Every structure is written in structure tokens, then in C-alpha cells.
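Trainee: Submitted below is the structure of interest, expressed as C-alpha cells.
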Amino acid sequence: MSLRKLPELPKLAHQDGIEFDLSPRALAKWNPSLSATEDEPDNIINVLDVIGYDYWTGEGTTAKRIDAALRSIGRDRDVVVNINSPGGSMFEGDAIYSLLRLHKGKVTVRILGMAASAASIIAMAGDEIQISRAGWLMIHNAWIGMYGNRNDLREAADWLEPFDAAAADLYADRTGIDKGEILAMLDKETWIGGGAAVETGWADAILSTDKIAERDGHGAQNAVRQIDILLAKQGLPRSQRRSLLQQIKTGTQDAVGADTQDAIGKGTPNAAQLPVMVAKPALLSFN
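In my numbering, each number is its position in the sequence shown, counted from 1, plus 26.
Structure below.
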């Protein structure tokens, strides 16, 4: 067991036709280039990507990968978990939290830049949580993308409620903040800066800036992220964004149909230009 007594998250059921999605605001604020400065000791786990499979890059942080890393490190050894993630799948986030919660050694979480949404769940598994002064924790109600009529949407809302309740219980337990206050914070999506996180119990200490650096070679990844932000802000569900990316990658002639162009709307670049924009991200401007 972890050195700190941490609550167990309930097992919640999947729902066909519904998938968790990333908050466009979290994506827009996320700097994927941030990493730890020191050489990689063999007891460090990096969570520096989307939680779950990332269809834009073919990567992502999954429970399967974290489990393999913990086995390689050793179940009794102390581990350091570096986090810089905009969130992702609640299922994967819960599973990773549970793996770290059950780890027998000390778990030190270091929030290098952002621990948003599902990544904030993972952060709560730390026996000690350190956050950079310029870092952020973000909590909100579970975010999904789906289609359907009013009955489908009502059913989805009912299905989501236990996820939000479980998250509120976890945050309240870890911080000592009243659950009612936590629920209100979830309702309005709350961003908690590094200093405030330490002052209010979300973290234990400020992480020194000399522990953080920016990695090179993320220009192309940042470019596709900007495209994802643009499409998400226009209300395009994750499933359609994923399909669009696959069509672009494979060079499908009709990579963007009329429905997608309508979703992007007036005043945004023509979707047929997306491959060019990947190569020239400086052409894009986002507010």
C-alpha cells in the first residue's frame, strides 16, 4: 500500500457510444514541451502526454504502460511521477491512480506544468505532491463527446454523475476541503495555481524551477495540437476529429466533408489546408 492512506475509487461502468474528451481550454493552455531536467533515474515515471491513447500522436499514457513501469522499477521501491498532461480518459486516469495507490513504496508526484482533469486524479495518488509555482491543477466535471437525442443526453448525464461524485470524494479526502465546496469547484471548472495549491492542500510543496526544462522537437506535435484545439472549439466531437486525422494521414481525397467544413465555420482556415498548416504552425493564431 502507499505510505499515505488513500481512498479507493469505485469501479464505474463503460457506456456504449460515449467517450471521454479533452477540455479545449486545457489543450490550449498545455505546453507539451515541459519535462524534468535531470537524467532519467530508473525509478521515474513520466506522465507527459494525454491520458489514454492519443489518436493525434499514436502515443499517450495508459494504465498498461504505467503498470509495466512499476513492475520494472519494483513494487517496493520509491517512485517519482512527473506529470504534465491536459487530461484524457477518466477510466485510464482512475486505473493509473489505483496502480499508484497500491504501490508499496513512496510515491512522489511532481507537477511540472499541468495536471488537468484525469491527470489531476493521478496526481492525488502521491504520498507527496510537489507543484511548480507556474504549474496548474485543473478540476472539472467529466467531459465527453457524443451525439443523440434528449433521451440519450439525459441518460449520459445520469451515467456521468457517479464519476463526478467519485472525483469529489477523492479531492475532498486528499485536501480536507468540504465535498460540497469541491462539487461547486467541479461545476465551474477550477484552475488552481502552484502557490494556491500548496496553501489550500492540493499540494504539499513548491517544485524548484531548476527541476523543469523544455524539450526540443515538439514543433510538429504542437502544430497538430493547435488543429485539435481549433476543431474542438468548434464543437467537433473527438470521434470525428480522430477520423479526420486518419483521413489526412492516409491522403484520402475527401479528407474533409461538407459537414466538417460547416462545423469549422466561417473565419477559420479551410480544412483542405490542414496538411499545410501542420507544416507551418506559425500561420495559425488562437485566442
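Here a beta-carbon is modelled for each residue, glycine too, at the ideal position from N, C-alpha and C. Everything numeric in this text was worked out from a predicted model, so none of it was measured.
Is Ala298 helix, strand or coil when you go by DSSP?
Mentor: Low confidence applies to Ala298: its pLDDT is 32, below 50, so where it sits in the model is not reliable, and the reading given next is rough at best. Note: Ala298 maps to helix in three-state DSSP.
Trainee: Enumerate in chain order the residues of its own chain whose CB-to-CB distance from Val250 is below 8 angstroms, with the five nearest sequence positions on each side excluded.
Mentor: Trp82, Thr83, Leu271, Val304
Trainee: Which residue marks the beginning of the beta strand (DSSP E) containing Ile109, and which one marks its end?
Mentor: 105-111
Trainee: Which word fits Asp47, buried or exposed, when buried means at least 16 other C-beta atoms lie within 10 angstroms of its C-beta?
Mentor: Buried, by the Cβ-count rule.
Trainee: Identify the residues that DSSP records as bridge partners of Asp80: which are they?
Mentor: Glu85
Trainee: Per DSSP, Ile165 is paired with what?
Mentor: Thr216
Trainee: Report buried or exposed for Arg97, applying the criterion of at least 16 other Cβ atoms within 10 angstroms of its Cβ.
Mentor: exposed
Trainee: Can you say whether Asp288 is buried or exposed, counting buried as having 16 or more other CB atoms within 10 angstroms of its CB?
Mentor: Residue confidence is low: Asp288 scores 49 on pLDDT, short of 50, so the model does not pin down where it sits. Its coordinate-derived value is still stated next. The residue in question, Asp288, is exposed, as its Cβ has fewer than 16 Cβ neighbours within 10 Å.
Trainee: Going by DSSP in three states, Leu262 sits in which element: helix, strand or coil?
Mentor: coil
Trainee: Nearest-angstrom Cα distance between Ile70 and Arg180?
Mentor: Rounded to the nearest angstrom, the two C-alpha atoms are 42 angstroms apart.
Trainee: Please look up how many angstroms separate the CB atoms of Gln156 and Arg136, rounded, as I've assumed it's under 8 angstroms.
Mentor: 5 angstroms
Trainee: Tell me which residues share the same chain as Ala239 and place their Cβ nearer than 7 angstroms to its Cβ, disregarding the 5 neighbours each side in the sequence.
Mentor: Non-local C-beta neighbours of Ala239 in its own chain, meaning closer than 7 angstroms and more than five positions away in sequence, comprise Ser61, Thr63, ordered along the chain.
Trainee: In terms of DSSP beta bridges, what is Gln156 paired with?
Mentor: Arg136, Ala231
Trainee: Would Leu186 be called buried (16 or more neighbouring beta carbons within 10 Å of its own) or exposed?
Mentor: buried
Trainee: Roughly how many whole angstroms lie between the Cα atoms of Asn177 and Leu35?
Mentor: 28 angstroms
Trainee: With DSSP collapsed to three states, give me the class of Ser115.
Mentor: coil
Trainee: Helix or strand or just coil, what does DSSP make of Gly171?
Mentor: Gly171: strand per DSSP, three-state reduction.
Trainee: Pick out whichever of Leu125, Gly131, Gly114, Pro112 has its Cα sitting closest to the Cα of Val105.
Mentor: Gly131
Trainee: Does the separation of the CB atoms of Ala160 and Ile170 fall below 8 angstroms?
Mentor: Between Ala160 and Ile170, the C-beta gap is not smaller than 8 angstroms, which leaves the two residues out of contact.
Trainee: Would you mind working out which of Arg30, Ser49, Ile274 sits nearest Gly261, comparing C-alpha positions?
Mentor: Ser49
Trainee: For Gly119 and Ile99, which I take to be in contact (beta-carbon distance under 8 angstroms), what is that distance rounded to the nearest angstrom?
Mentor: That belief does not hold up - the Cβ atoms of Gly119 and Ile99 are roughly 20 angstroms apart, past 8 angstroms.
Trainee: Per DSSP, which one or two residues make a beta bridge with Glu45?
Mentor: DSSP output for Glu45 lists Gly171 as bridge partner(s).
Trainee: Could you tell me which residues DSSP pairs with Ile122 in its beta bridges?
Mentor: Its beta-bridge partners do not exist; DSSP assigns none.
Trainee: Which whole-angstrom value describes the C-beta separation of Gly86 and Gly114, a residue pair presumed to lie in contact below a C-beta threshold of 8 angstroms?
Mentor: 7 angstroms
Trainee: What residues in its chain sit with their C-beta under 6 angstroms from that of Glu154, if we drop five residues either side in the sequence?
Mentor: Thr134, Asp230
Trainee: Under the three-state reduction of DSSP, which class applies to Ile70: helix, strand or coil?
Mentor: strand
Trainee: Measure the C-alpha to C-alpha separation of Gly139 and Ile77 and round it to an integer number of angstroms.
Mentor: 15 angstroms
Trainee: Identify the continuous beta strand (DSSP E) that holds Ser146 and give its terminal residues.
Mentor: Not the beta strand (DSSP E): Ser146 falls in the alpha helix (DSSP H), residues 144-149.
Trainee: Take the Cβ of Asn175 as the centre, count every other Cβ of all protein chains shown within 10 Å, and call the residue buried at 16 or more, exposed below.
Mentor: Burial check for Asn175: the Cβ neighbour count within 10 Å stays below 16, so the residue is exposed.
Trainee: Opposite Ile238 in the DSSP bridges: which residues?
Mentor: Its beta-bridge partners are Ala62.
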